[in-house]
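Residue numbers (the working numbering): 163 to 709.
Put into structure tokens, the structure is as follows:
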């Protein structure tokens, strides 16, 4: 969100509770995502009995609810959901070195397999994001996480490659919904001055998912005790690994269904004032537990649209007419994103998401296979094998070094995550995003140049630790650059763009890794550099208020 500040604006942006007239509720949100009102005043509405009731804006109500236990519990719950998505995505990359024998996979097949979940995420990303803006964040999270876990687990029993591919695709549809919506949901509970650091903290759980996936692969896949027969199915250890990877998504869906409330910002946006106040009461109760404070009475400046007046998809007409109506309404947020003052930031984000997703997922998903190829020494592109040789090569016994290296690369996210948490609110997402992408580009180029396994591992860890800063910055920027009614749709759209890039990257790696490995590696480096330069065109959003 662009910040146009004059002298004294800093004071005006604080959520003070004064007794002067406030702007009309329909002036609170701008389609352009700009701050267009003075936050220094709050409204007093006189009820029929003559008592004046304070009416607070969203930011003021969040401040009244305090900060404490509720937010830390929410961080753990949303973080576990974020980690579960990381586990589901990355489990494919860890099972490739062994599953390719049981499923008779060529390098091209492995490229399609790693791309399948991203294709599902592309389909699910915008669809779930749109539904989250229309029906609520929490409901969408429960459904998408359930789809992710159920179909991810069923894939473990697939005896054929095409069925495994299909089930991973459906699982990806679930992942595509939960990733963008989690960050919209979480950001809408956070006070302005802590939002950047808290979203960065949420993003660090992706690292936790990486470490969990790598750790499970290291513990389970090389073990012979996990091999048994299930009817006609030869249940190898990698299948048990797939089952275990589905557990975090299912448990996360249960947590959201039973324990967590709907976003108060969404409830205010759709005019459900009483429900929003109940959420703020819950936040206040947990945050102020043991402090002897009572919840203050206040009303809320909700959307001008009364409850139930939201646009609904018409239920009459033929099937094709209803489908056309749904598609037309689903495209409205995209049109709004690329109009007015949102246009330039949307184009810049589109380019950045494509560049980082092609580079990160194109390279990351192939790390275990590349390390397998450098076991004898030399650069990842020096020891390529022909597809026929790969098919004839035995996958057992499994070498644990591949998974140990994957674990170290996943753990190398930690310094980048700590750096982001400490610097996000003071530096801002724009600078961190650009810096991270440029340094990531350099590290990938050097991965191609180096000649030893140790050097490749060190540079891969550098790439992992630095690139995570860019992802964390994008999570913050995406939440703050768009108003509430577009937030989940925008994040879903850009997530979908990223999935197209991830699909392209994995297919390119699958096609060229055996014949001309240098092309995809150097292409990743060039795209990351391009993304870093384009990121400089984005507006700064440091400590801005959500609209």
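Where is the CB? At the ideal position from N, CA and C, for every residue including glycine. Computed from a predicted structure; not experimentally measured.
So what does DSSP say about residue i, is it helix, strand or coil?
i           : result
residue 699 : helix
residue 216 : strand
residue 422 : coil
residue 462 : strand
residue 408 : helix
residue 612 : coil
residue 186 : Low confidence applies to residue 186: its pLDDT is 46, below 50, so where it sits in the model is not reliable, and the reading given next is rough at best. In the structure shown, residue 186 sits in coil (DSSP, three-state: anything other than H, G, I, E or B).
residue 605 : helix
residue 457 : coil
residue 241 : helix
residue 579 : helix
residue 590 : coil
residue 264 : helix
residue 207 : Confidence at residue 207 is low in this model, with a pLDDT of 49, below 50, so its placement is unreliable and no value can be given for it.
residue 520 : helix
residue 596 : helix
residue 645 : coil
residue 742 : Nothing in the structure corresponds to residue 742, since the chain is present only between 163 and 709.
residue 503 : coil
residue 338 : helix
residue 629 : helix
residue 553 : Only weak support is given to the placement of residue 553: the predicted model assigns it a pLDDT of 44, under 50, and the question is left unresolved by the model.
residue 434 : coil
residue 640 : helix
By alpha-carbon positions, which one of the options ends up nearest to residue i?
i           : options               : result
residue 418 : 301, 437, 435 and 293 : 301
residue 608 : 240, 309 and 621      : 621
residue 676 : 271, 240 and 564      : 271
residue 232 : 697, 360 and 509      : 360
residue 662 : 241, 278, 220 and 284 : 284
residue 278 : 244, 635 and 338      : 338
residue 491 : 682, 439, 602 and 292 : 292
residue 630 : 304, 222 and 368      : 368
residue 504 : 443, 597, 617 and 649 : 649
residue 429 : 457, 462 and 455      : 462
residue 564 : 313, 245 and 259      : 259
residue 455 : 697, 226, 493 and 235 : 226
residue 220 : 268, 687 and 646      : 646
residue 326 : 679, 276, 448 and 666 : 276
residue 665 : 589, 523, 684 and 509 : 523
residue 612 : 566, 586, 634 and 680 : 680
residue 439 : 222, 667, 660 and 684 : 222
residue 444 : 452, 457 and 517      : 457
residue 502 : 678, 459, 644 and 308 : 644
residue 632 : 322, 516, 298 and 615 : 516
residue 320 : 303, 684, 298 and 264 : 264
Quick one: what's got a C-beta closer than 6 Å to residue i's C-beta in the same chain, skipping five residues either side?
i           : result
residue 450 : 228
residue 288 : 654, 655 and 658
residue 572 : 372, 373 and 376
residue 651 : 291, 292, 295 and 495
residue 261 : 400
residue 306 : 290, 336, 339 and 340
residue 577 : 627
residue 358 : 586, 587 and 638
residue 280 : 661, 664 and 665
residue 525 : 686
Tell me which same chain residues have a C-beta within less than 7 Å of the C-beta of residue i, skipping the five on either side of it?
i           : result
residue 673 : 270 and 273
residue 311 : 408, 411, 412 and 415
residue 405 : 315 and 318
residue 356 : 229
residue 253 : 375, 403, 404 and 407
residue 641 : 345, 346, 349, 361 and 649
residue 719 : Here the chain covers residues 163 to 709 and nothing more, so residue 719 does not appear.
residue 363 : 237 and 583
residue 124 : Because the chain here runs from 163 to 709, residue 124 falls outside it and cannot be looked at.
Keeping to the same chain, check which residues put their C-beta closer than 8 Å to that of residue i; ignore five residues upstream and five downstream.
i           : result
residue 639 : 511, 591, 592, 595, 700 and 703
residue 514 : 595, 599, 636, 693, 696, 697 and 700
residue 421 : 239
residue 500 : 508 and 509
Taking CB distances under 8 Å as the criterion, tell me whether residue i reaches chain D.
i           : result
residue 357 : Any reference to chain D falls outside this structure, which holds one protein chain only.
Quick check on the DSSP output: what are the complete beta strand (DSSP E) runs of length 3 or more inside the stretch 341-397, in order along the chain? The stretch 341-397 contains these whole beta strand (DSSP E) runs: 390-392 and 395-397.
Counting pairs of beta carbons, one from the stretch 411-429 and one from the stretch 346-359, are three or more of them closer than 8 Å? The answer is yes - the stretch 346-359 touches the stretch 411-429, with three or more Cβ pairs under 8 Å.
Only counting runs of 4 or more residues, tell me where the alpha helix (DSSP H) segments fall wholly within the stretch 271-334, in order along the chain. Considered as a whole, the stretch 271-334 harbours 299-316 as its complete alpha helix (DSSP H) runs of no fewer than 4 residues, in chain order.
State whether the stretch 324-333 contacts the stretch 433-447, with contact taken as three or more CB pairs (one from each stretch) at a distance under 8 Å. No, they do not touch.
Count the C-beta pairs between the stretch 595-611 and the stretch 687-701 that are closer than 8 Å, then say yes if the count reaches three, no if not. Result yes; three or more Cβ-Cβ pairs closer than 8 Å.
Would you list, in sequence order, the uninterrupted alpha helix (DSSP H) runs of no fewer than 4 residues that lie entirely inside the stretch 663-699? Listed in chain order, the complete alpha helix (DSSP H) runs (minimum 4 residues) inside the stretch 663-699 are 680-696.
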